[in-house]
């Protein structure tokens, strides 16, 4: 059932990825902003938006290095950052946006790419290039995500928040409930959740590093890992933002980012959006049940709610941490619960978004594992079922939200049952795959080196 990966497949994937980045670059420039290629290139010299992400990316790349090489890489990155900071201080350059560190990590990653091409051959070159590729993909994923969000705000002037908010009555309006809880928790509760919410990529890197712990010794990557799932979610997910634009309850029914400005330690300045809201109701007053309509919104706020990709990524972290040591399993569970609380409690998502995000992740995860197995029948059934449920969720939110709100004791359990059925299908199918994995483990190990 295992298929041998072909070199042509990697070439095609690389060409598609490059074409996608170029397309986003042109799309962003059409609206007067630099695209993902330009913003990533600028970080070779200028202060990066997220220095932590660059060092996390370098950590992913270092899984292919020996311990001696890792110490050299970290030392070089820190030394370069110190040099950059010294030069900025001498030239009196103030870092007003982003982080004053991280350039060194990017230079080390690019340096390893040059070494792989000029100083390595055969499998060693391929392995080092794979490590560099993982690092660059993680960085590119963040940049493309930012560009996607900008494009949604410019190309989708009308949002469907009233439809999702109406459908959310069937779930008991969880965002309003959790929003009041977070509000009552004060600055401490908010900022703890805000830290968890913002550091989701770092949590993913920690789990990925555990999965890659044997790469340096075995000279191969595992066939299936969290980084791949993370990137596919980030690549496919934003396409649904264009199909189903939603800004979230704190924007559509509240004061936007101003809601948390007084308690947040890291709140960036942003344009007020309260004038675009349907009403100032969140989180104290539930929206009335009435026929939903499309509503216009500003050209700044991202339409990034349906599905909830933060939920999707947190679910992926949870799944991939199940075989880790107990501490990492507990951390994966905590990150999932805290992320769900933050997405609802900050008013960034409706409950319906979270259900769609969970089903979306399980479908993606099943598709990737089925691809590895050669598209066996059980995997195809699971992927088809997950895609069907995901589509049915979006269709129901759009076309029958009023009926769902009027019959919450029917619609609510049906939504939860639909999500639970996908979870059950995934757990059952994955258990069957695990039972047959040992017999296929050795062929898999050989094929990874091709």
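In the working numbering, the protein residues as written are 1 to 450.
All residues carry an ideal CB built from backbone N, CA and C; glycine is no exception.
Bear in mind the structure is a predicted one, so any value in this text is a computation, not a measurement.
key: Among 315, 329 and 314, nearest to residue 321 - alpha-carbon criterion   = Minimum Cα distance to residue 321 is reached at 329.
message = I want to know whether the stretch 93-110 touches the stretch 172-182 - three or more CB-CB distances under 8 Å.
response = No, the stretch 93-110 is not in contact with the stretch 172-182.
ask   = If you draw a straight line from the alpha carbon of residue 397 to that of residue 355, how long is it in whole angstroms?
value = Cα to Cα, the separation comes out at about 11 Å.
inquiry  = Please return the same chain residues whose Cβ sits closer than 6 Å to the Cβ of residue 298, not counting the five positions on each side in sequence.
reply    = Contacts found: 273 and 276.
Endpoints, alpha helix (DSSP H) assigned at residue 136 = Counting along the chain, residue 136 sits inside the alpha helix (DSSP H) bounded by residues 122-155.
task = Just tell me which of 250, 291, 424 and 63 has its CA closest to the CA of residue 302.
result = Looking only at 250, 291, 424 and 63, the smallest Cα-Cα distance to residue 302 is reached by 250.
query = Which one or two residues does DSSP pair with residue 416 in a beta bridge?
reply = Residue pairing for residue 416: DSSP places it in no beta bridge.
message = Quick test of your reading: residue 64 and residue 216, contact by CB under 8 Å. State the CB separation rounded to the nearest angstrom.
response = The Cβ separation is near 6 Å, so the contact holds.
ask   = If you pair each beta-carbon of the stretch 144-161 with each one of the stretch 41-48, do three or more pairs fall below 8 Å?
value = Taking a cut-off of 8 Å for Cβ pairs, the stretch 144-161 and the stretch 41-48 do not touch, as fewer than three such pairs fall below it.
inquiry  = Rounding to the nearest angstrom, what Cα-Cα distance links residue 305 and residue 245 in this structure?
reply    = Those two C-alpha atoms are separated by around 7 Å.
ask   = According to DSSP, what are the bridge partners of residue 201?
value = DSSP lists no beta-bridge partner residue for residue 201.
query = By a C-beta neighbour count over all protein chains shown, 10 Å radius and 16 as the cutoff for buried, is residue 218 buried or exposed?
reply = With fewer than 16 other Cβ atoms within 10 Å, it is exposed.
key: Under 8 Å between C-beta atoms of residue 452 and residue 141   = This structure cannot speak to residue 452, because the chain is shown only from 1 to 450.
inquiry  = DSSP three-state label for residue 158, please.
reply    = Strand.
inquiry  = With a threshold of 8 Å between beta-carbons, can residue 221 be considered close to chain C, or not?
reply    = Judged by its chain identifiers, the structure shown contains no chain C, having just a single protein chain.
query = What are the complete alpha helix (DSSP H) segments, minimum 4 residues, inside the stretch 346-432?
reply = Qualifying alpha helix (DSSP H) stretches, in chain order: 351-372, 377-399 and 401-406.
ask   = In chain order, what residues of the same chain lie with their CB nearer than 6 Å to the CB of residue 168, ignoring the 5 residues before and after it?
value = Excluding sequence neighbours, residue 168 sits near 350, 351 and 352.
message = Just to confirm the assignment, what range does the alpha helix (DSSP H) spanning residue 84 have?
response = For residue 84, the uninterrupted alpha helix (DSSP H) run begins and ends at 67-90, by DSSP.
query = When the Cα atoms are used, what is the spatial distance from residue 444 to residue 227?
reply = Any reading at residue 444 is ruled out, since the residue's pLDDT is 40, under 50, leaving its predicted position unreliable.
inquiry  = Just to check my reading of the structure: residue 126 and residue 61 have Cβ atoms closer than 8 Å, yes? What is that Cβ distance to the nearest angstrom?
reply    = The pair is not a contact, with the Cβ atoms about 14 Å apart (cut-off 8 Å).
ask   = Alpha carbon to alpha carbon, how far is residue 285 from residue 419?
value = Rounded to the nearest angstrom, the gap between the Cα atoms of residue 285 and residue 419 is 28 Å.
key: residue 417 classed as buried or exposed, judged by whether at least 16 other C-beta atoms fall within 10 angstroms   = Looking at its Cβ environment, which holds fewer than 16 other Cβ atoms inside 10 Å, residue 417 is exposed.
task = With distances taken Cα to Cα, identify the nearest neighbour of residue 255 among 103, 164 and 280.
result = Closest by C-alpha distance to residue 255, out of 103, 164 and 280, is 280.
request  = Go ahead and pull the three-state DSSP assignment for residue 306.
outcome  = The answer is coil: DSSP assigns residue 306 none of H, G, I, E or B.
Reference residue 224, options 75, 259, 32 and 372, closest by Cα = Ranking 75, 259, 32 and 372 by Cα distance to residue 224 puts 372 first.
task = Give me the Cα-Cα distance between residue 163 and residue 344, rounded to the nearest whole angstrom.
result = Rounded to the nearest whole angstrom, the C-alpha separation of residue 163 and residue 344 is 17 Å.
key: Bridge-paired residues (DSSP) for residue 296   = In DSSP, residue 296 forms a bridge with 158.
inquiry  = Give me the residue from 152, 49 and 402 with the minimum Cα distance to residue 287.
reply    = Cα-wise, what sits closest to residue 287 is 402.
inquiry  = So the candidates are 124, 389, 22 and 18; which of them puts its Cα closest to the Cα of residue 415?
reply    = Scanning 124, 389, 22 and 18 for the CA closest to the CA of residue 415 turns up 389.
key: Proximal residues to residue 232 (C-beta, below 7 Å), its chain only, five neighbours per side dropped   = The beta carbon of residue 232 lies closer than 7 Å to those of 364 and 368 in the same chain, with the five residues before and after it left out.
message = Which same chain residues end up closer than 8 Å to residue 340 when comparing Cβ atoms and leaving out the 5 residues on each side of it in sequence?
response = Excluding residues within five positions, the ones whose Cβ falls inside 8 Å are 311, 314 and 354.
task = Give the DSSP-derived three-state secondary structure of residue 285 in the structure shown.
result = Note: residue 285 maps to coil in three-state DSSP.
Coarse secondary structure for residue 31, derived from DSSP in three states = Three-state result, residue 31: coil.
ask   = Among the residues of its own chain, which have a CB less than 7 Å from the CB of residue 383, if the five just before and after it don't count?
value = Excluding positions up to five away in sequence, the list reads 363, 366, 367 and 370.
query = Using CA coordinates, which residue listed in 198, 426, 209 and 307 is at the minimum distance from residue 248?
reply = Residue 307 is the option with its Cα nearest to residue 248.
inquiry  = Determine whether the beta carbon atoms of residue 427 and residue 386 lie at a separation below 8 Å.
reply    = No, Cβ-Cβ distance for residue 427 and residue 386 is not below 8 Å.
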